[in-house]
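Input: a single structure, listed below in structure tokens.
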Amino acid sequence: MMDVLEKVMGVEEAALEWGLSPGYIKNLCNAGKIEAKKIGKTWVIAKEQPNPKQQTP
Numbered sequence: 050m051m052d053v054l055e056k057v058m059g060v061e062e063a064a065l066e067w068g069l070s071p072g073y074i075k076n077l078c079n080a081g082k083i084e085a086k087k088i089g090k091t092w093v094i095a096k097e098q099p100n101p102k103q104q105t106p
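Our numbering numbers the first residue of the sequence shown as 50 and each following residue consecutively.
Pasting the structure below:
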């Protein structure tokens, strides 16, 4: 069984993974453009989704 925490990443990790700035990642989260959930002040982002740079608007 895969640990649920292995399926998610934070903003900093997403920024490194996708080559985008942390601020831009947060904007995408706020806009609902990527699969993410806010817990307190922290965004938790699903790892198994396409890089937002490769998505068409």
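Cβ coordinates follow ideal geometry from the N, Cα and C atoms, glycine included.
- By the Cβ neighbour-count rule, Val60 is buried, with 16 or more other Cβ atoms within 10 Å of its own.
- With a 10 Å radius around the Cβ and a threshold of 16 neighbouring Cβ atoms, Ala85 comes out buried.
- DSSP places Val93 in the uninterrupted beta strand (DSSP E) bounded by Thr91 to Ala95.
- Here the alpha carbon of Gly68 sits roughly 14 Å from the alpha carbon of Leu77.
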